[in-house]
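Written below as structure tokens is the structure these notes are about.
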């Protein structure tokens, strides 16, 4: 089966600019997650969707981050405005009863 | 919420030796403990997992043990090879019908030297 697709792979922006990341999960996976992985740390959950509804967004900095999952398939994560500390890899994952799969991530550098 | 601690942060072994990475978790409700391998520029890849109703699981050169009472779990890699060099993460989760949020450890950089 095809894996979790993410784009872009890399993004460099200036602080206070906005940026968006896209994720296409494995077909049929109802649950989709966005994780933030800061260099040298483990991934940290930002938001979890079940179909197109939010299950957990308690760790999402809602003053600057937003996410949506249209029609229960693809998802976008947006940051506006970006701060230097948002520099990280943003990982998308999807899961079903058969397993949990991560994409390769988008590496964001805020300068 | 759940908190996962992982040790050591770096581990260097000779090819053919064994490697052990240890994790502790805080939430007794956690019932699923996966281990991930992450290579440079890639997302984490599941290598083995264990559920709380099992004490040990083995898959070829990789094994995981779980001590629910002490809230410890460990990854054991035997006969290490250079391709085992990567960052390894443990995680803990409470699996529900609506998916499961993973809480990760801080990672172990494993280097297998020739």
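Protein chains in written order, with our numbering: chain A, 25 to 135; chain B, 13 to 126.
A virtual CB, placed ideally from N, CA and C, is assigned to each residue, including glycine.
Please read all numbers here as calculations on a predicted model, not as lab measurements.
Smallest Cα separation from residue 44(A): which of 111(A), 113(A) and 102(A)? 102(A)
Using a Cβ-Cβ cut-off of 6 Å (strictly less than) and excluding sequence neighbours within five positions of residue 46(B), which residues of its own chain qualify? 58, 61 and 103
Using only the alpha-carbon positions, how far apart do residue 49(A) and residue 20(B) sit? 33 Å
Which residue or residues does DSSP assign as beta-bridge partners of residue 106(B)? Answer by DSSP bridge pairing: none, since residue 106(B) is not bridged.
Between the C-alpha atoms of residue 72(A) and residue 88(A), what's the straight-line distance to the nearest angstrom? 17 Å
Taking the straight line between their C-alpha atoms, what separation do you get for residue 44(B) and residue 84(B)? 12 Å
Chain-ordered chain B contacts of residue 104(A) [CB-CB under 9 Å]: Within 9 Å Cβ-Cβ: nothing; residue 104(A) doesn't reach chain B, min ~25 Å.
Contacts of residue 118(B) in chain A (Cβ-Cβ under 7 Å): 65 and 66
For residue 63(B), count neighbouring Cβ atoms within 10 angstroms of its own Cβ and tell me buried if that reaches 16, exposed if not. exposed
Buried or exposed (CB count within 10 angstroms, at least 16 for buried), residue 63(A): exposed
Could you tell me which of 133(A), 129(A), 134(A) and 125(A) sits nearest to residue 48(B), measuring between CA atoms? 125(A)
Starting from residue 19(B) and walking both ways along the beta strand (DSSP E), at which residues does that stretch end? 16-19
Going by beta carbon distance, what residues of the same chain come within less than 8 Å of residue 61(A), once the five residues before and after it are set aside? 67, 68, 112, 113, 114, 115 and 129
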